[in-house]
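Read the structure below first, then the notes.
2 protein chains.
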Amino acid sequence: MAQSLDGFVARADHRLDWLTSIPTHGDDHGYAAFTATVDGIVMGRGSYNNVLSFGEWPYTKPVIVMSKSLTQRDVPETLTGKVRVTDLEPAPLMKMLADEGWSRAYIDGGLVVQSFIREGLVQDMVLTVAPVMLGEGKRMFGPWGGDVGLELVASTTFKSGMVQLKYRLPASNPEPGA
Amino acid sequence: MAQSLDGFVARADHRLDWLTSIPTHGDDHGYAAFTATVDGIVMGRGSYNNVLSFGEWPYTKPVIVMSKSLTQRDVPETLTGKVRVTDLEPAPLMKMLADEGWSRAYIDGGLVVQSFIREGLVQDMVLTVAPVMLGEGKRMFGPWGGDVGLELVASTTFKSGMVQLKYRLPASNPEPGA
Chain H
1 MAQSLDGFVA RADHRLDWLT SIPTHGDDHG YAAFTATVDG IVMGRGSYNN
51 VLSFGEWPYT KPVIVMSKSL TQRDVPETLT GKVRVTDLEP APLMKMLADE
101 GWSRAYIDGG LVVQSFIREG LVQDMVLTVA PVMLGEGKRM FGPWGGDVGL
151 ELVASTTFKS GMVQLKYRLP ASNPEPGA
Chain B
1001 MAQSLDGFVA RADHRLDWLT SIPTHGDDHG YAAFTATVDG IVMGRGSYNN
1051 VLSFGEWPYT KPVIVMSKSL TQRDVPETLT GKVRVTDLEP APLMKMLADE
1101 GWSRAYIDGG LVVQSFIREG LVQDMVLTVA PVMLGEGKRM FGPWGGDVGL
1151 ELVASTTFKS GMVQLKYRLP ASNPEPGA
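Chains as they are written, first to last, in the working numbering: chain H, 1 to 178; chain B, 1001 to 1178.
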């Protein structure tokens, strides 16, 4: 995931122009190498619709869309076998995917990531900090009900000015009342 | 300055326990080396009161306290010659300090830093990101009236898990309506 230095994931109107306008110098910021390590991608309806709007489907790995309103019938035929819709909650979903043989899922999208973190289901978090401050917009993270302590695993600086921070998360949920 | 990964500078009740409880392994995160490069420190009343509450005055460099409510008479005698109170706005204050021979001031404290950034008076920003997410509290930065683009100058990782990001700021004010 990427956030502005002041903690926003998108503008108030969901636009990502501040992010996509940063020259990448042909660097994918480790994205391909990272997605190669996962069995599939889990996202919410918002991210899914956003990706659909790109026109071309960018993922080679299986994608799970978590939604209470979408059903499998809403998925375009061209994406059959590539996209599965589920109304499962995070923990049962992870259990199901583990039963299917997944060992590592890439959880994408602010709200979905937050819910997985709250349930202690995220082991590693890779957050890329963009060299810009927006001042306002959609915050990347919301309240946790307590502190979430992190262990810094790695930090990588890119020519674009992006700084990629990799953290390990605690196995347990945050303790309320910090 | 230091912020949590999710962009907070303090808890809602101003506490910094989340920051001070991170083991530093004896590392000052470059603080002494940094303050050695400045002619003095500019802070707001909130930071000043916070530092006063430490009991021992930690600064060897001159400190300017920006306040409309405090006067020089409010400064304890023990700090005479060390602390100056001013009601000047950022630009005239910087002009005065430059006239006195200052070439580089360390601007501290969330709100004061924000006002200096808004007026295009900050050249370099060093932000240390602590390995913790608070979920709520006092945000480090507020709205700018436009994007503030940054140029990453350096990134340093510490054993504490702190990541120190040094940015160069644009010389001009943010353009509204980004």
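Using N, Cα and C, we set each Cβ at its ideal position, and we do this for glycine too.
Contact with chain B by residue i, beta-carbon distance below 7 Å
i        : result
GLY109/H : no
GLY137/H : no
TRP18/H  : yes
MET133/H : yes
THR157/H : yes
PRO176/H : With a pLDDT of 49 at PRO176/H, under the threshold of 50, the modelled position of that residue is not reliable, and the figure given next carries that caveat. No, PRO176/H lies away from the interface with chain B (no Cβ there is under 7 Å from its Cβ).
ALA2/H   : no
LEU169/H : no
ASP6/H   : yes
Delimiting residues of the beta strand (DSSP E) encompassing residue i
i         : result
ALA171/H  : Unbroken run through ALA171/H: none, as it is neither H nor E.
PHE1008/B : 1008-1010
THR1084/B : The amino acid at residue 1084/B is misidentified as Thr; the sequence shows Arg. Counting along the chain, the beta strand (DSSP E) containing ARG1084/B begins and ends at 1083-1086.
MET1066/B : 1063-1066
GLN3/H    : 2-4
Three-state secondary structure assigned by DSSP to residue i
i         : result
GLU56/H   : coil
THR157/H  : strand
LYS1095/B : helix
VAL112/H  : helix
ALA178/H  : Low confidence applies here, because ALA178/H scores a pLDDT of 41, under 50, leaving its location unreliable and the question unanswered by this model.
ARG1104/B : coil
GLY1046/B : helix
VAL1051/B : helix
GLU1151/B : strand
LEU1134/B : coil
With 16 other Cβ atoms within 10 Å as the buried cut-off, status of residue i
i         : result
GLY1055/B : exposed
LEU97/H   : buried
LEU88/H   : exposed
GLY101/H  : exposed
ASP1006/B : buried
THR1128/B : buried
ALA1130/B : buried
C-alpha gap between residue i and residue j, whole angstroms
i         : j         : result
ASP1027/B : ALA1002/B : 15 Å
ASP108/H  : ASP1108/B : 35 Å
ASP181/H  : GLN114/H  : With chain H covering only 1 through 178, there is no way to say anything about residue 181/H.
MET1162/B : GLY146/H  : 20 Å
THR156/H  : THR1078/B : 46 Å
PHE1158/B : THR1071/B : 39 Å
LYS138/H  : TRP1144/B : 15 Å
MET66/H   : GLY1110/B : 38 Å
SER4/H    : THR24/H   : 15 Å
ASP17/H   : GLY40/H   : 26 Å
VAL83/H   : ARG11/H   : 27 Å
GLU1136/B : MET1094/B : 33 Å
VAL51/H   : ASP74/H   : 15 Å
ALA1178/B : SER160/H  : Any reading at ALA1178/B is ruled out, since the residue's pLDDT is 41, under 50, leaving its predicted position unreliable.
Endpoints, the alpha helix (DSSP H) within which residue i is located
i        : result
VAL122/H : Where VAL122/H is concerned, there is no enclosing alpha helix (DSSP H), given that its DSSP letter is neither H nor E.
THR35/H  : 31-35
THR20/H  : 17-20
Residue i CB to nearest heavy atom of the ligand SAH below 6 Å
i       : result
ILE64/H : The model on display carries no ligand, and the ligand SAH is accordingly not part of it.
Closer than 7 Å to chain H by CB, residue i
i         : result
VAL1148/B : yes
PHE1054/B : no
TRP1144/B : yes
PHE1141/B : yes
VAL1163/B : yes
LEU1121/B : no
LEU1152/B : yes
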